[in-house]
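J.:
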DNA sequence: CTGTACCCGGTAGCTCCGCTTCACGGTCAC
DNA sequence: GTGACCGTGAAGCGGAGCTACCGGGTACAG
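Residue numbers (full-length UniProt numbering), protein chains in the order written: chain Y, 1 to 326; chain W, 1 to 326.
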């Protein structure tokens with residue numbers, strides 16, 4: 001394995017054109033540089049320098065290696081620059097997770113705005129189901145998670161996570177235009193016996209919320225279609241193959257032939273942002289300071305990263321509050 | 001300045017997810033890894049790890065830095081890979097120089113072929129005049145140089161350079177179609193008194209070759225137009241503003257209205273590839289071995305790089321020998 | 001041609017860095 | 001509860017890397 005420090009020495013020689021110049025730049029003696037280069041030659045198995053007058057020049061192998069060295073040094077300089085700005089600037093990786101339809105309605109605009117304002121921010125995104133994503137967030141594999149929580153079945157989050165409500169919206173019943181209930185102003189859930197339902201896969205929040213809402217009025221939904229994509233569900237509804245529950249964020253774009261009707265009792269869905277709250281981490285608030293904070297010269301405990309805070313702020317600013325939710 | 005070795009430690013922790021795993025991968029004890037990370041935290045000024053159960057996870061600063069570390073390690077691995085293949089494969093930078101029209105006729109095809117066959121070869125190209133480029137080659141700022149040498153004025157190259165002839169071609173006189181000599185089968189240089197000449201800038205090979213060729217028959221050319229681009233010279237010739245000497249490589253594409261006529265005495269031009277010949281370097285073949293070869297454990301003296309040899313071979317294969325030169 | 005200044009490479013010696021060993025507190029699983 | 005595992009810290013040792021110095025060689029001025 002190559003010694004990375006020695007690559008820095010080689011790069012200095014390539015830049016300054018001489019051992020003496022490199023030594024001056026690195027604040028060491030020429031002898032030290034020469035020794036490092038000799039070792040680099042031995043461990044790389046190639047001559048890197050050849051005498052040229054009273055100075056040296058790089059061989060082909062030396063130039064090849066110096067090219068890598070230049071990139072390594074540039075990476076190191078970039079890292080230092082990022083570290084210097086890390087406390088103040090919005091920088092570095094931001095690992096986002098999303099669940100369900102909240103992704104499409106909220107994230108693209110916010111990510112566009114964030115990356116425009118903070119070019120050194122590197123967001124990544126994974127979507128999935130709440131049951132799988134929440135543990136990822138708690139374990140530290142995600143920085144920020146967008147989840148949905150249905151009012152009749154509030155999402156349970158483990159301790160140590162902070163949340164903010166990004167949107168509250170009504171849930172409507174989607175019907176085909178030819179459906180007998182399509183012209184109602186409002187539909188009672190109790191009137192929905194015998195309907196065929198489409199919803200998201202079993203285990204997801206919309207599925208469980210649908211089942212619980214109907215059981216609350218003494219009905220058991222006949223769920224015949226479970227598909228992840230709202231667009232597919234709407235296509236089924238448009239052909240009168242099923243009815244479905246839709247939060248407002250999922251209603252556009254809708255294909256022709258679909259009607260959305262409020263339901264009674266009123267159903268609401270929230271979209272939440274969740275992240276680890278450093279202050280409350282751990283099962284119990286341990287009375288002793290954590291081990292890594294013991295030493296006097298230790299650095300302070302990390303707080304929520306500026307990147308997470310900035311993203312939550314940007315998401316909050318979107319104000320996707322349903323007009324009918326007022 | 002960040003310690004590059006410590007970045008490798010951080011990367012190992014990021015990959016293996018624990019101090020113990022990183023320690024095993026690096027073949028050191030967990031304590032050693034922990035100490036290196038603590039130093040990295042101190043010198044970076046940020047917490048990089050935080051406790052998480054009985055293991056650790058990276059903070060935002062840690063992930064940011066680990067991203068750089070991953071790239072640094074990847075560069076180092078790439079460098080090692082290139083070094084391992086350097087003796088056998090065509091790899092690394094190839095700094096080409098070109099003089100005059102030889103560039104356009106020969107290089108593009110050869111470079112396309114070379115980079116297709118050897119994707120890890122990184123050619124660069126600079127063009128200029130022989131008077132400036134030859135010292136660059138001798139000094140080691142170029143690996144390979146394409147130069148032209150006119151038979152009546154052979155190019156003088158310093159010792160230590162090897163050459164290969166890539167093409168030999170006749171030089172013709174370019175005339176406008178309406179020129180009185182345009183219908184001749186052959187033009188005697190001695191008949192060209194009083195002509196207005198276009199050629200390359202003073203000091204270049206074509207300029208000096210023109211002057212010497214005419215002086216050899218007792219004439220002094222009236223050079224009124226000196227422009228670098230052959231296309232511009234041809235445009236002047238096409239409008240009967242001047243006559244010019246053109247090697248065959250410079251004759252296409254020619255604008256309408258230009259005739260090319262052989263000259264007497266016959267003029268020839270060669271295109272040469274020149275590179276440093278390691279065996280003959282230095283002014284005199286020094287009787288003692290060079291200083292850098294002294295040590296017994298020293299590596300062998302570098303020979304011409306495979307990249308240079310491959311490029312010379314590819315250039316030789318082009319076989320741009322003039323049909324009329326046979 | 002000669003003297004001088006400079007550059008590179010090698011050697012001896014010293015300093016400091018980094019690793020290992022050992023020990024301890026905390027966490028998780030049985 | 002208890003044992004296994006993880007991460008961290010202190011002490012000590014070995015080696016890596018630096019400096020100081022010297023010698024060989026080159027470029028440049030006179």
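Beta carbons: idealized from backbone N, C-alpha and C, even for Gly.
If you're wondering where the values come from, they're calculated on a predicted model, not measured in any experiment.
(1) Establish whether the CB of residue 44 of chain Y and some CB of chain W are separated by less than 8 angstroms.
(2) Does the distance from the CB of residue 356 of chain W to the CB of residue 8 of chain Y come in under 8 angstroms?
(3) Please decide whether residue 93 of chain W counts as near chain Y, where near means a Cβ-Cβ distance under 8 angstroms.
(4) Report the three-state DSSP secondary structure of residue 82 of chain W (helix, strand or coil).
(5) By how many angstroms is the C-alpha of residue 173 of chain Y removed from the C-alpha of residue 256 of chain Y?
(6) Can you tell which of Y:110, Y:120, Y:99 and Y:116 has the C-alpha that lies nearest to the C-alpha of residue 126 of chain Y?
(7) Given a limit of 7 angstroms on CB to CB distance, which residues of the stretch 239-250 of chain W reach chain Y?
(8) With a Cβ-Cβ cutoff of 8 angstroms, do residue 181 of chain Y and residue 175 of chain Y count as a contact?
(9) Mind listing the chain Y neighbours of residue 63 of chain W? Cutoff is C-beta to C-beta under 7 angstroms, in chain order.
(10) Could you tell me whether the Cβ of residue 138 of chain W comes closer than 8 angstroms to any Cβ of chain Y?
(11) Thinking C-alpha only, which one of Y:219, Y:218, Y:252 and Y:217 is nearest residue 233 of chain Y?
(12) Output, in sequence order along the chain, the residues in the stretch 69-86 of chain Y whose CB is closer than 7 angstroms to any CB in chain W.
(13) Which partner residues does residue 68 of chain Y have in the DSSP bridge list?
(14) When you compare the CB of residue 16 of chain W with every CB in chain Y, is at least one pair closer than 8 angstroms?
(15) Name the chain Y residues whose beta carbon is nearer than 8 angstroms to that of residue 67 of chain W?
(16) Considering only residues of the same chain and omitting the five flanking positions on each side of residue 305 of chain W, which have a CB-CB separation below 6 angstroms?
(17) What separation, rounded to the nearest whole angstrom, lies between the Cα atoms of residue 170 of chain Y and residue 268 of chain Y?
(18) Pairing CB atoms from the stretch 73-80 of chain Y with CB atoms from the stretch 63-81 of chain W, are three or more of them under 8 angstroms?
(19) Consider the Cβ of residue 32 of chain W: report whether some Cβ of chain Y lies at a distance smaller than 8 angstroms.
(20) Is it buried or exposed, residue 271 of chain Y, if we count other Cβ atoms within 10 angstroms and call 16 or more buried?
(21) Within its chain, find whatever has a CB closer than 6 angstroms to the CB of residue 145 of chain W; leave out the 5 residues flanking it on each side and keep chain order.
(22) Considering only residues of the stretch 111-135 of chain Y, which uninterrupted beta strand (DSSP E) runs meet the minimum length of 3 residues and lie entirely inside it, listed in chain order?
(23) Is it buried or exposed, residue 296 of chain Y, if we count other Cβ atoms within 10 angstroms and call 16 or more buried?
(24) Quick one: grab the DSSP three-state call for residue 295 of chain W.
(25) Answer with buried or exposed for residue 290 of chain W, where buried requires no fewer than 16 other C-beta atoms within 10 angstroms of its C-beta.
(26) Thinking C-beta only, is residue 226 of chain Y closer than 8 angstroms to residue 200 of chain Y?
(27) Return no unless some Cβ of chain Y is closer than 8 angstroms to the Cβ of residue 60 of chain W.
(28) Give me whichever residues DSSP pairs with residue 170 of chain Y in a beta bridge.
(29) Can you list, in chain order, the residues of its chain whose CB lies under 7 angstroms from that of residue 221 of chain Y, leaving out five sequence neighbours each side?
(30) Check each candidate in Y:51, Y:117 and Y:75 and name the one with the smallest Cα separation from residue 66 of chain W.
(31) For residue 148 of chain W, which three-state DSSP category applies?
(32) How would you list, in chain order, the residues of chain W whose beta-carbon sits under 7 angstroms from the beta-carbon of residue 57 of chain Y?
(33) Given a limit of 8 angstroms on CB to CB distance, which residues of the stretch 195-224 of chain Y reach chain W?
(34) Thinking just about the alpha-carbon of each residue, which of W:101, W:219 and W:53 is nearest to the one in residue 147 of chain W?
(35) To which residues of the same chain is residue 38 of chain Y closer than 8 angstroms at the C-beta, ignoring the five residues directly before and after it?
(36) Taking 8 angstroms as the threshold, find out whether the stretch 41-61 of chain W comes into contact with the stretch 9-28 of chain W through three or more Cβ pairs.
T.: Put simply:
(1) Using a CB distance cut-off of 8 angstroms, residue 44 of chain Y counts as an interface residue toward chain W.
(2) Because chain W here runs from 1 to 326, residue 356 of chain W falls outside it and cannot be looked at.
(3) A Cβ of chain Y is located within less than 8 angstroms of the beta carbon of residue 93 of chain W.
(4) If DSSP states are grouped into helix, strand and coil, residue 82 of chain W belongs with the helices.
(5) If you take the alpha carbons of residue 256 of chain Y and residue 173 of chain Y, they lie about 15 angstroms apart.
(6) Ranking Y:110, Y:120, Y:99 and Y:116 by Cα distance to residue 126 of chain Y puts Y:99 first.
(7) Of all residues in the stretch 239-250 of chain W, none places a beta-carbon less than 7 angstroms from a beta-carbon of chain Y.
(8) Taking 8 angstroms as the Cβ cut-off, residue 181 of chain Y and residue 175 of chain Y qualify as a contacting pair.
(9) The contacting residues are 92 and 93.
(10) Answer no: the Cβ-Cβ gap between residue 138 of chain W and chain Y never drops below 8 angstroms.
(11) The option with the nearest alpha carbon to residue 233 of chain Y is Y:252.
(12) The residues in question are 71, 72, 75, 76, 78, 79, 80, 82, 83 and 86.
(13) Its beta-bridge partners do not exist; DSSP assigns none.
(14) No, residue 16 of chain W lies away from the interface with chain Y (no Cβ there is under 8 angstroms from its Cβ).
(15) What residue 67 of chain W touches in chain Y: 92, 93 and 122.
(16) Taken in chain order, the list of residues that qualify is empty.
(17) Using only the alpha carbons, I get a separation of about 5 angstroms.
(18) The stretch 73-80 of chain Y makes contact with the stretch 63-81 of chain W, as at least three CB pairs between them are under 8 angstroms.
(19) Chain Y, which has no Cβ nearer than 8 angstroms to the Cβ of residue 32 of chain W, makes this no.
(20) Looking at its Cβ environment, which holds 16 or more other Cβ atoms inside 10 Å, residue 271 of chain Y is buried.
(21) Counting only Cβ-Cβ distances below 6 angstroms, and skipping sequence neighbours, we find 97, 133, 137 and 274.
(22) Counting whole runs of 3 or more residues, the stretch 111-135 of chain Y contains the beta strand (DSSP E) stretches 121-128.
(23) Residue placement at residue 296 of chain Y is poorly supported in this model, since its pLDDT is 33, which falls under 50; the coordinates are not used for a value here.
(24) Bear in mind that a pLDDT of 34 at residue 295 of chain W, under 50, signals an unreliable position, so the model cannot answer this.
(25) Residue confidence for residue 290 of chain W is low, a pLDDT of 36 falling below 50, so the modelled location carries little weight; the figure read from the coordinates is stated next. A residue is called buried when at least 16 other Cβ atoms come within 10 angstroms of its Cβ; residue 290 of chain W does not meet this threshold and is exposed.
(26) The answer is yes: Cβ separation under 8 angstroms.
(27) It does: the Cβ of residue 60 of chain W has a partner Cβ on chain Y nearer than 8 angstroms.
(28) Secondary-structure assignment with DSSP links residue 170 of chain Y through a beta bridge to Y:268.
(29) Cβ neighbours of residue 221 of chain Y beyond the five flanking positions: 197, 210, 211 and 214.
(30) The shortest Cα separation from residue 66 of chain W among Y:51, Y:117 and Y:75 belongs to Y:75.
(31) Note: residue 148 of chain W maps to strand in three-state DSSP.
(32) In chain order, 140 make up the part of chain W whose C-beta sits under 7 angstroms from the C-beta of residue 57 of chain Y.
(33) Of all residues in the stretch 195-224 of chain Y, none has a Cβ within less than 8 angstroms of some Cβ in chain W.
(34) The shortest C-alpha to C-alpha distance from residue 147 of chain W to any of W:101, W:219 and W:53 is the one to W:101.
(35) Correct list: empty, nothing qualifies.
(36) In short, these stretches touch, since the Cβ pair count reaches three.
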